[in-house]
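Trainee: Please see the structure below; I have some questions.
Protein chains: 4
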Amino acid sequence: MSGRSTEILEAARDLFSRNGYESTSVSDIAGAVGVADGAIYRHFPSKRAVLYEVIREFYEPVIVMARRNIAGIGDVRQRLRYLIWLQVRAFTEQPELCRLIIAEARPMEDYYESEIADLNRRYTSLLVEVVLDGQRHGTFRDDVEPTMVRDLVYGGIEHIAWGAVTGRSEIDPNVIADDLTRLICTGLDVSRTQERESGLVAQVARLEALIDRMES
Amino acid sequence: MSGRSTEILEAARDLFSRNGYESTSVSDIAGAVGVADGAIYRHFPSKRAVLYEVIREFYEPVIVMARRNIAGIGDVRQRLRYLIWLQVRAFTEQPELCRLIIAEARPMEDYYESEIADLNRRYTSLLVEVVLDGQRHGTFRDDVEPTMVRDLVYGGIEHIAWGAVTGRSEIDPNVIADDLTRLICTGLDVSRTQERESGLVAQVARLEALIDRMES
Amino acid sequence: MSGRSTEILEAARDLFSRNGYESTSVSDIAGAVGVADGAIYRHFPSKRAVLYEVIREFYEPVIVMARRNIAGIGDVRQRLRYLIWLQVRAFTEQPELCRLIIAEARPMEDYYESEIADLNRRYTSLLVEVVLDGQRHGTFRDDVEPTMVRDLVYGGIEHIAWGAVTGRSEIDPNVIADDLTRLICTGLDVSRTQERESGLVAQVARLEALIDRMES
Amino acid sequence: MSGRSTEILEAARDLFSRNGYESTSVSDIAGAVGVADGAIYRHFPSKRAVLYEVIREFYEPVIVMARRNIAGIGDVRQRLRYLIWLQVRAFTEQPELCRLIIAEARPMEDYYESEIADLNRRYTSLLVEVVLDGQRHGTFRDDVEPTMVRDLVYGGIEHIAWGAVTGRSEIDPNVIADDLTRLICTGLDVSRTQERESGLVAQVARLEALIDRMES
DNA sequence: AATGAATGAGTATTCATTCAT
DNA sequence: AATGAATGAATACTCATTCAT
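So, in structure tokens, the structure goes:
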């Protein structure tokens, strides 16, 4: 990667973030770098390739970091929470890039054949792995499709954080991560088992009292 | 609503579904209806207004039906499941319209000020109401933000169903609805309370056996 | 002229004055009157005919009044001044209509074949008549084309008053009329004839002095 | 100014002159030059910019020439006559461009903020300078606003020459210039001083006859 | 007199990409 | 690596006028 390519990517990232992909012309990028329009095509085959590379540069380190950090977290629920927190934080720290990916890159015709979709799959598969791990170790129920959990988490975060992306609300990644992790892990129900548990506890208490009396 | 407006909307819905909003020209719509281009503008102020009306016509009956059907379902979990099922079924029955809304209408600049966004808010607020209801009746924990549940469910379904929308996979609304409802309600954890329950059950069993023996 | 026609003309005059001819649609006029678009065409053959009638209604009373008032002014220079004043006052009192005529009606292709051009000719010919009168009575030099005076006066006033029409300056019709009349009548020169006169006066004075001496 | 820009301006000038600004499409211009439509926009930001540049190219040399030639004319009346003649000749030599400026460019909304209006102000201010000069040297009366003279001359010429522009009459710049200059300078009045002069001349004649007799 | 739906031609502008230099 | 001029397709929208009712 020559320095010129880096300059182009930096300019493109700034312009795409600020004005969006559609509203940014190749000339804008070239102008920001200080080269002629045609020069862009010495480094990238198309404007879309520039977009994809901008996104890749944003994505890849996150994947690497996530993979490394997950490996250092023992508890499977904490690993899940970390991935949730990481994603929420991406939305709060880089809202423009998240908007770019979701509202501009993903609706593109060839997105699902692109390297970006692949990156995304690699990234979200980390969460699938965590769920599978939890299932293998008996922490998570194994009658749940890990991919459904993945879609639920990433789709959910997208909606939860979209207000922050569009500047209509603010969120705290830690609070969201805590709440969402708990919701995903323990569910919405006031646990039936808790209810039964209460019943059992009462029964046990009664039995123990009976035994006490019998023993006395 | 004159018959001509209806014709225009039907033609537009078909063309938008088949080819997308951007790839459909006003002339295409007029041609499909069999009128001159300008005639469109006697019924709609702009091409975008046609899109919004197409979406509104799709959305509004769903809201009405959902509201009515929910009222007839007693169990709060069943109400939740119904809303989930309804949304998943929308993605399987009308994938093109869902794609149109998510990939073309929603990324538009003025979407969040549009009537469509409002319709969506009204629609998804049904689920918020269900959750609140569940919390009031003690079925659902009340330490969970109902709006977070709403975002989780609708964002999750979007991701879960997207493969079906883009024709890369198939899904069964009933299966998805069951799985997702259970996941949302009871969570991912092999219930800590279940563990404790198991302990309790065993303890109770032991105690009862003891009493049995003592009584015998 | 039915009341409806009058209503249409009044609405058109207001709209043309406020927004200009091009920016006013037939629908605007019909809407202002409270009738259907097509109704306009029961009263006028075209939008342009409405414009021309609006202008005619503005022009004709001015001509009648000018003709009558001129007849009552004895002095030919005062008649000239009156026509100048009348025109300048039109620009200050009805700047929008003047703008409409000059900037929108006159550049039209068929203007010079229109009734409006004819009205204008009739109107400006009053000034030609005044000049001819002045020439016949020896008040004005007869080696000047009256039509040139006409063009000079009306073209000049147009430029003098244009700043007021476009709201970039203000003018007083009386001041302009006085100054312009004097300029037209007596010209710019510190009179050459005054110089010659001075010479003659001196010569006469010398001759008279001589005669005085001779006679004495 | 590249050769391509020049070609575009030449084609545009011809087409604008022949067919008018409104009736000339950008495609017409591009076709006349032999380039693609988009090429125009590499040289000019808009169709209007092409018009303004066409007018500027016509105007600017005239200003330069006028300024230079005026400097070489000693007599202030001759300088005035020259400016009048120059303007009348513009109308006879370049009637289409004059029509373009007066009937198409000047009625435009943003004309008075354009560079063209500025050029016009610079051009007509030459005449203001001449009048001021004449006033300073005592040739012209100083109780006349030079700007009024400017408006009178240029507005007047516009009307005088308009018949020639629209092909309804022919004019001779020299004749017009002579007549107009004299009218502007000496005015319409059969000079009161002339009258007095006539009286003086008669008196002188009488005196001289008397002297003759006395001497004889 | 009135309606009002329908007509349908007409156009400036953008911009990713190429290629001769 | 770089230039930068050239390409050329592609499209929403307006509105004066008509005419069947």
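Protein chains in written order, with the numbering used here: chain H, 4 to 219; chain X, 4 to 219; chain G, 4 to 219; chain R, 4 to 219. Beta carbons: idealized from backbone N, C-alpha and C, even for Gly.
Using the Cα positions of Arg216 of chain R and Ala208 of chain R, report the straight-line distance between them to the nearest angstrom.
Mentor: Cα-Cα distance, rounded: 12 Å.
Trainee: When the Cα atoms are used, what is the spatial distance from Asn177 of chain X to Ala180 of chain H?
Mentor: Rounded to the nearest angstrom, the two C-alpha atoms are 29 Å apart.
Trainee: Mind reading off the beta-carbon distance from Ala167 of chain R to Ile174 of chain R? Whole number of angstroms is fine, and I expect it under 8 Å.
Mentor: Contact flag correct, Cβ pair sits at about 5 Å.
Trainee: To the nearest angstrom, how far is the alpha carbon of Leu191 of chain H from that of Leu130 of chain X?
Mentor: Approximately 13 Å between the Cα atoms of the pair.
Trainee: Just curious, the alpha helix (DSSP H) that Arg21 of chain H is in, first and last residue?
Mentor: Segment Gly6 to Asn22, the alpha helix (DSSP H) holding Arg21 of chain H.
Trainee: Any residues in the segment 56-79 of chain X with a beta carbon nearer than 9 Å to a beta carbon of chain H? Which ones, in chain order?
Mentor: Cβ contacts with chain H come from no residue of the segment 56-79 of chain X.
Trainee: Determine whether the beta carbon atoms of Ala69 of chain H and Leu54 of chain H lie at a separation below 8 Å.
Mentor: No. Outside cutoff.
Trainee: Short check: CB of Tyr62 of chain X to CB of Leu122 of chain X, under 8 Å?
Mentor: Yes, Cβ-Cβ distance for Tyr62 of chain X and Leu122 of chain X is below 8 Å.
Trainee: What is the DSSP secondary structure of Gly61 of chain R, counted as helix, strand or coil?
Mentor: In the sequence as displayed, the identity of residue 61 of chain R is Phe instead of Gly. It is helical.
Trainee: For Val220 of chain X, does the count of other Cβ atoms within 10 angstroms reach 16, so buried, or fall short, so exposed?
Mentor: Any property of residue 220 of chain X remains undetermined from this structure, which presents chain X solely from 4 to 219.
Trainee: To which residues does DSSP link Asp31 of chain H through a beta bridge?
Mentor: None; Asp31 of chain H has no bridge partner.
Trainee: Which of the three DSSP states is assigned to Asp192 of chain H in this structure?
Mentor: Note: Asp192 of chain H maps to strand in three-state DSSP.
Trainee: Enumerated in chain order, which unbroken segments of the beta strand (DSSP E) with a length of 3 residues or greater are wholly contained in the segment 91-121 of chain H?
Mentor: Entirely contained in the segment 91-121 of chain H, not one beta strand (DSSP E) run reaches 3 residues.
Trainee: Output needed for Val29 of chain G: all residues of its chain with C-beta closer than 7 Å, excluding positions within five of it in sequence on either side, in chain order.
Mentor: Only Asp40, Ile43 and Lys50 meet the Cβ criterion.
Trainee: Can you list, in chain order, the residues of the segment 124-144 of chain R whose Cβ is nearer than 8 Å to any Cβ on chain G?
Mentor: Cβ contacts with chain G: Val134, Gly137, Gly141, Thr142, Phe143 and Arg144.
Trainee: Throw me the rounded Cβ distance for the Tyr115 of chain H and Thr169 of chain X pair, which I believe falls under 8 Å.
Mentor: The Cβ separation is near 6 Å, so the contact holds.
Trainee: Among R:Ser26, R:Thr95 and R:Trp165, which residue has its Cα nearest to the Cα of Thr150 of chain G?
Mentor: Ranking the options by Cα distance to Thr150 of chain G, first place goes to R:Trp165.
Trainee: Got a sec, what are the start and stop residues for the alpha helix (DSSP H) His46 of chain X sits in?
Mentor: Where His46 of chain X is concerned, the enclosing alpha helix (DSSP H) stretches over Asp40 to His46.
Trainee: Which bits of chain R does Tyr115 of chain G rub up against, with CB to CB less than 8 Å?
Mentor: Those are Thr169 and Arg171, listed as they occur along chain R.
Trainee: Identify the continuous alpha helix (DSSP H) that holds Glu161 of chain G and give its terminal residues.
Mentor: Looking at the DSSP string, the run of the alpha helix (DSSP H) that includes Glu161 of chain G is Pro149 to Val168.
Trainee: What residues in its chain sit with their C-beta under 6 Å from that of Ile73 of chain R, if we drop five residues either side in the sequence?
Mentor: If we look at Ile73 of chain R and ignore the five residues flanking it on each side, its Cβ neighbours are Arg82.
Trainee: On the premise that Ala93 of chain G lies in contact with Val65 of chain G, defined as a C-beta separation below 8 Å, what is that separation, rounded to the nearest angstrom?
Mentor: Correct: roughly 7 Å between the Cβ atoms.
Trainee: Under a Cβ-count criterion, where at least 16 other Cβ atoms within 10 Å of its own Cβ denotes burial, should Ser117 of chain G be classed as buried or exposed?
Mentor: Flag for Ser117 of chain G reads buried.
Trainee: Against chain G, does Glu211 of chain R count as a neighbour if the rule is that its beta carbon must be under 8 Å from one of theirs?
Mentor: Chain G, which has a Cβ nearer than 8 Å to the Cβ of Glu211 of chain R, makes this yes.
Trainee: Against chain R, does His46 of chain G count as a neighbour if the rule is that its beta carbon must be under 8 Å from one of theirs?
Mentor: Judged by the 8 Å Cβ criterion, His46 of chain G is not in contact with chain R.
Trainee: Hey, out of G:Met111, G:Ile163, G:Val133 and G:Glu60, whose CA is closest to Gly75 of chain G's CA?
Mentor: Comparing Cα-Cα distances from Gly75 of chain G to each of G:Met111, G:Ile163, G:Val133 and G:Glu60, the minimum goes to G:Val133.
Trainee: Using a cut-off of 7 Å between C-beta atoms, extract the partners of Leu12 of chain H located in chain X.
Mentor: Within chain X, no residue comes near Leu12 of chain H; the closest Cβ sits about 23 Å away, beyond 7 Å.
Trainee: Counting only C-beta atoms, is Tyr157 of chain X closer than 8 Å to chain H at any point?
Mentor: So, interface residue.
Trainee: Rounded to whole angstroms, what's the CA-CA distance from Ile214 of chain R to Gly141 of chain G? Just pull it up for me.
Mentor: About 32 Å.
Trainee: Tell me whether Gly158 of chain X is buried or exposed, calling it buried when 16 or more other Cβ atoms sit within 10 Å of its Cβ.
Mentor: Label assigned to Gly158 of chain X: buried.
Trainee: Under 8 Å between C-beta atoms, does Ile214 of chain H make it to chain X?
Mentor: Judged by the 8 Å Cβ criterion, Ile214 of chain H is in contact with chain X.
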